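Undergrad: Got a structure for you, questions after.
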Amino acid sequence: MTGKTSATHFWQGNEACAEATIAAGCRFFAGYPITPASEIFEHLARRLPQAGGITIQMEDEIASIGAVIGASWAGAKAMTATSGPGFSLMQELIGYAFMTETPCVVVDVQRAGPSTGQATKAGQGDVMQARWGTHGDYTSIALSPNSVQEMFDLTIRAFNLAETYRTPVVLLADEVVAHMREQAVIPPSNQIKITNRKKPKPTDKAFFNGEDIAPMPSVGEGYNVPVTGSTHNEHGYRFTADRTVHEKLVKNLIRKIRDNAGKIVDYESLNVDDCDVGVVSFGCTSRAIHETIELAKKKGLTVGSVRLKTIWPFPEEAVRNMAKNVKVIVVPELNMREMFYEVERVVHGAVPVVPLNKIGGGEMITPEELLAEIARSVKKVD
Amino acid sequence: MQKRNEVRIAGLGGQGVVLAGKILGRAAVHDGKRVVQTQSYGAEARGSAAKSEVIIADERIGFPKVRKCDVLVAMSQNALDKYLKDLKEDGTLLVDESMVREVPEIKARVFNVPATKMAETKLKLKICANMIMLGALVKATGMVSQEAVEKAITQSVLDKAQKVNIQGFRIGLELVKQ
Amino acid sequence: MTETFTIRNYLRDIKLPFCPGCGCLTVISRFLRAVHELGHKDLSKFVFCSGIGCAAWIPSPHFKADSIHTAHGRSIPVATGIKLMRPDLNVVVFGGDGDLAGIGLSHLVHAARRNLDIAVFMVNNMIYGMTGGQVAPTTPLGTKTTTTPYGSFEHPLDVPSLLVTAGASYAARWTTAHGEQLKEAMKKALATRGFAFVEAVSPCPTAFGRRAGFKDVAEIIRWFRESSVPLEEAEKMTAEDLTKKIVVGEFVYRKISTFTEALYRTIREAEKSAETK
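Protein chains in written order, with the numbering used here: chain A, 98 to 479; chain B, 17 to 194; chain C, -14 to 262.
Take a look at the structure:
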């Protein structure tokens, strides 16, 4: 739906994500039905073939991420979309994508878990799974949209980051943002910034495990590249016992994200230089913040906000800076404390950090509830 | 018209409450408003409680869910019992009287609309009750323009279903006498 | 064939990791000879996918080719993504019986159902060899393994028959004692349009033979020869008679519409409908 001119659409979040997928240049989607993510697949099943792309319903989520990895090595930008149960099933191959430096995008539309939980109801309980979901050592990128507009914008960004850093990127959406409809302004296609993976020169031989991100060949280009989830050197040859090769590989996987965190991290701050109370929020929960600030003003409380657009890498500086100005930080989330511990770690005792948690029934934390917790927290520290 | 209108359309899965909300939202977009539409439904495909919420405002909308509604559309007894408490005193209640046994005495304006019955008799299509309720809502509140709704209907349903849905909407308009 | 077969044209100069007597070595030489006889001077038109297990090491990294060595059981999903994006390449999967018929079985069945245009070569050593000799879905009833020390109490899976039902274009089984037939079956699989499957029953003297009561690899090979029954004969035998037998031959060969053909037809139509709108 991107065209020569900018256009305003009344889209569902999942629809915006699907349209962004096409705009980002993705031409392969594999998935398995799951609420509340299915609309992404359904929309792409209709639209992607019109753009010459492929969608395929695989036999499960494991096969879906497997096919995405295969398509990525065949040169395509590729994506899958799922929710908690499917995200859990995908974790082993997401680890494979980290290890083999395979760019791909995984959308996780969070719902209330664990297990089947409440399949149609919103949750934000996959924050840590997006960081630590697969085994071993690595670091990850996860983006958190809070509007239909951002379901579009951050999907584009997810592909760009995946291509730039040769890594899986998680778009950590939630049921509310995925199913809500609101206006989204879509820029003309020539104004959407698209990044493509670095390709090798014919003489290149090193495709992995570099100090810099190595160029990525595709199969069938004549590079005879061995790709393996085993520990491997820069040529892709496995070293199943050598300590130094393993250490270099894993440290490079971590470093390529950590050293570029400054470029990756994105957040939106409001009022942070002049406030008594700070709020750190993300996704649908952050939709309460504007109204909370207004309601607080009427009570004589000044509230500042850091709203995370990247959850991983965590915007440490922004939160740490906010902690310098406030008496207390409140962390509202639709889970039983995940982001809270990360904020506490970063704030490191500088100010008290107070959790505000709500789970089940698809209910959100309302501005009134957030305000009440803010007022209570201020009272406690005063 | 007030700056912000919060609407909840509630009923059972299969009654098309989500579609009605979607069309109302899209119509408001055509009228140049800011809109957020959300929905809630059970895990079952049919028969469980379902609701759709639309917030229409002149300015950017933060919190997307309805807390106190200006308009409640109840298409089942359950929906009425569950959500009546959230209706503002000066709000508007529209009930599908074919689906609701009793409406308590309240201060809000009440419109009893025989939507399901009319859908069955006039349109021979029970599932168009949602459009009749939408027509009644538009006539009762003037929240969005009739033209915008009809445009939104044509954008939201399959070609072959457009005529009957617009017919349903117009029946709803006529059922409410101002 | 004008040129002589030189295995080093296809293999990297890396020591192969297989035990002495391992059937993987036979499978490699038969496969590469099949490739040679089909006229490929190198493997540039091939992509190999494998999972985890001894047989998964056949292509990776030993073949001079692109090879994707995936996680346990997941070679076929990855091969699916590659084949759909690059229908012009020959996508070939190597795997063991545990990898393909155990943890990865549903992918195998669904690839056959879709009639996905890939060739799958399953090296069936009837055991989990790399992990030290645990019972596999293909282990004969009564066999002693490290996890069935009193003998296996499960029936083994007849994979080619399953894939006939699932919808494969081609399915065959031979043993490594049938080198020529195995090579010919591989050639036919590589030339098949649609899903092609060849099972190579293969000796594992290290993890299977010793516990199962075989003195050495020669004895396993003798067992393969003596217990092999051609499919046509097997059809006349009772299920009980067949329990100790290895049924060999071509289970199916048929020309049916393939997955990439149908998929690309659909895409072309969708593109056209978008243009006319």
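Cβ atoms here follow ideal geometry from the backbone N, Cα and C, with glycine treated the same way.
These figures come from a predicted structure and were not determined experimentally.
What does the alpha-carbon distance come out to for the pair Gln93/B and Ala164/A?
TA: Taking the straight line from one Cα to the other gives about 48 Å.
Undergrad: Please list the residues of the stretch 330 to 344 of chain A that have a C-beta atom closer than 9 Å to any C-beta atom in chain B, keeping them in chain order.
TA: So the list is empty, because no residue satisfies the distance condition.
Undergrad: How many angstroms separate the CA atom of Leu148/C from the CA atom of Asp175/B?
TA: Each residue's Cα considered, the two are about 43 Å apart.
Undergrad: Quick check: what's the CA-CA separation for Arg352/A versus Asp250/A?
TA: One C-alpha to the other measures close to 26 Å.
Undergrad: So which residues on chain A does Lys38/B lean against when the C-beta distance must stay under 7 Å?
TA: Arg278, listed in chain order.
Undergrad: Is there a C-beta anywhere in chain B that falls below 8 Å from the one on Cys114/A?
TA: No - not a single Cβ of chain B is within 8 Å of the one on Cys114/A.
Undergrad: Apart from the five residues just before and just after Asp73/C, which ones in its own chain have a Cβ nearer than 7 Å to its Cβ?
TA: Contacts found: none.
Undergrad: Specify, as a first and last residue, the run of the beta strand (DSSP E) that Cys85/B falls within.
TA: Cys85/B -> beta strand (DSSP E) spans Cys85 to Ala90.
Undergrad: What alpha helix (DSSP H) runs, 4 residues minimum, are completely inside the stretch 60 to 148 of chain B?
TA: Entirely contained in the stretch 60 to 148 of chain B, the alpha helix (DSSP H) runs reaching 4 residues are, in chain order, 93 to 99 and 131 to 138.
Undergrad: Using beta carbons (cut-off 8 Å, strictly below), is Glu158/A in contact with chain C?
TA: Chain C contact via Cβ: absent.
Undergrad: Candidates Arg186/B, Ala177/B, Thr170/B and Gln162/B: which alpha carbon is nearest Asp47/B's?
TA: Minimum Cα distance to Asp47/B is reached at Gln162/B.
Undergrad: Compare the C-alpha of His95/C against each of Arg59/C, Gly114/C, Thr191/C and Glu184/C and name the closest.
TA: Answer by Cα proximity: Arg59/C.
Undergrad: Please return the same chain residues whose Cβ sits closer than 7 Å to the Cβ of Asn(-6)/C, not counting the five positions on each side in sequence.
TA: Once the five neighbours on either side are set aside, the close Cβ partners of Asn(-6)/C are Lys26 and Asp27.
Undergrad: Using Cβ-Cβ distances below 7 Å, what residues of the stretch 445 to 475 of chain A are close to chain B?
TA: Per Cβ criterion, the list reads Gly459, Met461, Thr463 and Pro464.
Undergrad: So is Gly319/A in contact with chain C if we call contact Cβ pairs under 8 Å?
TA: Closer than 8 Å: yes.
Undergrad: Does the separation of the CB atoms of Cys34/C and Thr55/C fall below 8 Å?
TA: Cβ distance < 8 Å, so Cys34/C and Thr55/C count as in contact.
Undergrad: Could you give the DSSP three-state label for Val324/A: helix, strand or coil?
TA: Strand at Val324/A.
Undergrad: Roughly how many angstroms separate the alpha carbons of Gly110/C and Gly81/C, rounded to a whole number?
TA: Reading off the sequence, residue 110/C comes out as Asn, not Gly. Computed Cα separation, rounded: 7 Å.
Undergrad: Which of the three DSSP states, helix, strand or coil, is assigned to Gly32/B?
TA: Of the three classes helix, strand and coil, the one that applies to Gly32/B here is coil, per DSSP.
Undergrad: Would you call the CB atoms of Ala175/A and Phe138/A closer than 8 Å?
TA: Cβ distance not < 8 Å, so Ala175/A and Phe138/A don't count as in contact.
Undergrad: According to the Cβ coordinates, are Ser169/A and Pro200/A closer than 8 Å?
TA: Their beta carbons are under 8 Å apart, which means Ser169/A touches Pro200/A by this criterion.
Undergrad: How would you call Tyr364/A, buried or exposed, if buried means at least 16 neighbouring beta carbons within 10 angstroms?
TA: That one is buried.
Undergrad: Going along chain C, which residues have a C-beta under 9 Å from Gln109/A?
TA: By Cβ distance, chain C contributes nothing, its closest Cβ being about 21 Å from Gln109/A, past 9 Å.
Undergrad: Shortest alpha-carbon distance to Val160/B belongs to which of Leu189/B, Leu28/B, Ala44/B and Arg117/B?
TA: Considering only alpha carbons, the answer is Ala44/B.
Undergrad: Give the single residue among Gln31/B, Val192/B, Lys49/B and Leu88/B whose Cα lies nearest to the Cα of Val119/B.
TA: Per the Cα distances, Leu88/B.
Undergrad: For Leu90/C and chain A, any beta-carbon pair shorter than 8 Å?
TA: So no, Leu90/C is outside the interface.
Undergrad: Please classify Asn109/C: does DSSP put it in a helix, a strand, or coil?
TA: Strand at Asn109/C.
Undergrad: Identify the continuous alpha helix (DSSP H) that holds Phe249/A and give its terminal residues.
TA: Run containing Phe249/A: Val245 to Tyr262, per the alpha helix (DSSP H) assignment.
Undergrad: Chain A partners of Thr54/B, CB-CB under 7 Å?
TA: Simply Val273, His276 and Met277.
Undergrad: Could you tell me the distance, in whole angstroms, from the CA atom of Ile205/C to the CA atom of Val316/A?
TA: If I take the Cα positions, the gap works out to 38 Å.
Undergrad: Please report the straight-line C-alpha distance between Gly210/A and Thr54/B, rounded to a whole angstrom.
TA: So the alpha carbons of these two residues sit roughly 21 Å apart.
Undergrad: Helix or strand or just coil, what does DSSP make of Gln18/B?
TA: Bear in mind that a pLDDT of 49 at Gln18/B, under 50, signals an unreliable position, so the model cannot answer this.
Undergrad: Closest to Asp205/A by C-alpha separation, out of Thr132/A, Gly149/A, Val450/A and Val342/A, would be which residue?
TA: Comparing Cα-Cα distances from Asp205/A to each of Thr132/A, Gly149/A, Val450/A and Val342/A, the minimum goes to Thr132/A.
Undergrad: Any beta carbon from chain B within less than 8 Å of Ala216/A's own beta carbon?
TA: Chain B, which has a Cβ nearer than 8 Å to the Cβ of Ala216/A, makes this yes.
Undergrad: With a threshold of 8 Å, are at least 3 pairs of Cβ atoms found where one atom belongs to the stretch 431 to 441 of chain A and the other to the stretch 215 to 231 of chain A?
TA: Output reads yes: the stretch 215 to 231 of chain A touches the stretch 431 to 441 of chain A.
Undergrad: Report the option in Asp84/C, Leu101/C and Ser154/C whose CA atom is closest to the CA atom of Ile67/C.
TA: Checking every option, the nearest Cα to that of Ile67/C belongs to Leu101/C.
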